[in-house]
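Note sheet for the following structure.
Number of protein chains: 4
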Amino acid sequence: MSPGSRPLELAVDPKSAVPVYEQIKRAIKMDILSGHLSDGDALMSIRELATKLQVNPNTILKSYYQLEVDGFVVSRPGAGYYVRVDRKKFHQERRHSFVRETAEYLSRITEIGYSVQEAISELERQLEIARSKGG
Amino acid sequence: MSPGSRPLELAVDPKSAVPVYEQIKRAIKMDILSGHLSDGDALMSIRELATKLQVNPNTILKSYYQLEVDGFVVSRPGAGYYVRVDRKKFHQERRHSFVRETAEYLSRITEIGYSVQEAISELERQLEIARSKGG
Amino acid sequence: MSPGSRPLELAVDPKSAVPVYEQIKRAIKMDILSGHLSDGDALMSIRELATKLQVNPNTILKSYYQLEVDGFVVSRPGAGYYVRVDRKKFHQERRHSFVRETAEYLSRITEIGYSVQEAISELERQLEIARSKGG
Amino acid sequence: MSPGSRPLELAVDPKSAVPVYEQIKRAIKMDILSGHLSDGDALMSIRELATKLQVNPNTILKSYYQLEVDGFVVSRPGAGYYVRVDRKKFHQERRHSFVRETAEYLSRITEIGYSVQEAISELERQLEIARSKGG
DNA sequence: GTGGTCTAGACCACC
DNA sequence: GTGGTCTAGACCACA
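Okay, here's the thing in structure tokens:
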């Protein structure tokens, strides 16, 4: 995949409680964990992504910087940001995302009064629907 | 149930990341959804609840106001706030939220390579942890 | 018309900017001006109307008291409130209501950006529709 | 139009019966409806407008917040408030309000025995009075 | 710089 | 008593 060629399938929600820079960070992490971005791939340039998402370039910079601190990307001054993952970190982070997503899901549904048992039933129901459609 | 007779089983945590007014809002919402507060019941007066929770009356006002915007209560100036809920319409929306949240959760975890079976295990694990903490 | 026999076709809107006691006052005035209530007719008892409208009896009392001050009703202690209009006051008030209603209508439509010319057209349009329906 | 570049032609009257925040809300609404503010334009910052109008920032916040609830603007925390209006949907609602207000006005005045012709005369009279006062 | 939360308390009209 | 408006100002995270 050539540098910058894959536009992030990402739309930020400025009204969300989770900060914009965090939304962007998560989306890029997600792209890495799902394999849409691989070791060595270039991220979009800060200016390009800022224009695309209609956010302040400083916000993109913050996202990229934190990704660098977390060890997911490296900056090559003058050349941009590049994905950098090792196998161990990859698996750690994948597991971490999974646990976090589950916790958030759990808190959202319990807040509106559903139980884990109901969640499990619903997950199985949706799985069944997906199967019957897909095959 | 006479107006204001049921003290909210609610303690706010001012240090939490979730705003105080939001904590109050959620607690009252839950009370309505769970049936502890029924259509026509009076909420505690702004001043009374403010004193009880040791927060500023304006903070309570904000909670109540947003509950009104969301359609859970109505204000009668000079008389108080009253629960106003259309249970039928409400349950539809609740169910819809639940299905949507579940679908989003499912798509996120399958995107990074986890299965429904693993999700179910994780949900049960987190439930167990919550139980052992909560008592 | 026997005393109290005609229930006011009146529903108060507690969320309105215009106070409840004022809504009730206006509704009764309207009933007088339109001839639904005539000189000598009895108003509903305070308790009865308070129950019917789900408002505080003091609020009804305030409405009735002000109507008495304005000379539209008289109280007969122990017997209730009775409509009392003389011809002169009737015409004055009828005119006054008309002017006030027009002013309020005008302010509402100009607030959303319509002109007097458009209002006139719309009035004529609705009149035409009513005529074609009515015969 | 660059952000904040258009000073609102707005002076609040703190003594008015209509709340300050409501006055501000209406003025901005009118600016949007009239096209002085277009989709995407930035409102003045809360602090800036508060200083300009000599009111408390919280009062401005309330105006902006309610405009957001009504769907006229969106807040981007840390960035400002931006006009967000779907003109098509808006014009439908505006027209609908106009027709309804006119119908209600018509029913009220015919109820007390006035005609459409008299209403038109009165509207023109009040327009003339407003003109002679305003200009 | 921005919006958002929260406090402490005054003042008002209305129930 | 009640809700509602408004002030003056602190503190925070985010862009």
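Chains as they are written, first to last, in my numbering: chain E, 1 to 135; chain W, 136 to 270; chain L, 271 to 405; chain Y, 406 to 540. Even for Gly, the Cβ is constructed at its ideal location relative to N, Cα and C. Values in this document were obtained by computation on a predicted structure and should not be read as measured data.
The three-state reading of DSSP puts E:V74 in strand, counting E and B together.
Cβ proximity to chain Y below 7 Å picks out M300, L303 and S304 from the segment 293-326 of chain L. By the neighbour-count criterion, in which 16 or more other beta carbons inside 10 Å mark a residue as buried, E:A79 falls on the exposed side. Beta-bridge analysis with DSSP links Y:G485 to Y:R481. In the DSSP assignment, E:G35 falls outside any alpha helix (DSSP H) and carries neither an H nor an E.
When C-alpha distances from L:K299 are compared across Y:V417, Y:Y470, Y:P462 and Y:E516, the shortest belongs to Y:E516. Taking 8 Å as the upper bound for CB-CB distance, L:I294 and L:L280 are in contact here, some 7 Å apart.
Boundaries of the alpha helix (DSSP H) around W:N193: P192 to V204.
With its beta carbon at least 8 Å from every one in chain Y, E:K89 lies outside the interface.
Chain-ordered, the chain W residues with CB closer than 8 Å to the CB of L:P284 read V209, S210, R211, P212 and A214. The beta carbons of E:I46 and E:L67 sit no closer together than 8 Å. The criterion of a C-beta distance shorter than 8 Å is not satisfied by Y:L528 and L:T321. Using a Cβ-Cβ cut-off of 8 Å, E:L127 counts as an interface residue toward chain W, since at least one Cβ of chain W sits closer than that to its own. Annotated three-state conformation of Y:A416 is coil, per DSSP.
Our two residues, L:V353 and L:T329, have alpha carbons roughly 19 Å apart in a direct line.
Around L:L393, the beta-carbon contacts reaching into chain Y at under 7 Å are T507, L511, V521, A524 and I525.
With respect to chain E, the C-beta atom of W:S232 has a partner C-beta closer than 8 Å. Using a Cβ-Cβ cut-off of 8 Å, W:I244 counts as an interface residue toward chain E, since at least one Cβ of chain E sits closer than that to its own. Between E:R94 and chain W, the shortest Cβ-Cβ separation is below 8 Å.
Rounded to the nearest angstrom, the gap between the Cα atoms of W:E157 and Y:G476 is 21 Å.
Neighbours of E:G71 across chain W, judged by C-beta separation under 7 Å, do not exist; the nearest C-beta is about 18 Å away. At least one CB of chain L lies nearer than 8 Å to the CB of Y:I517.
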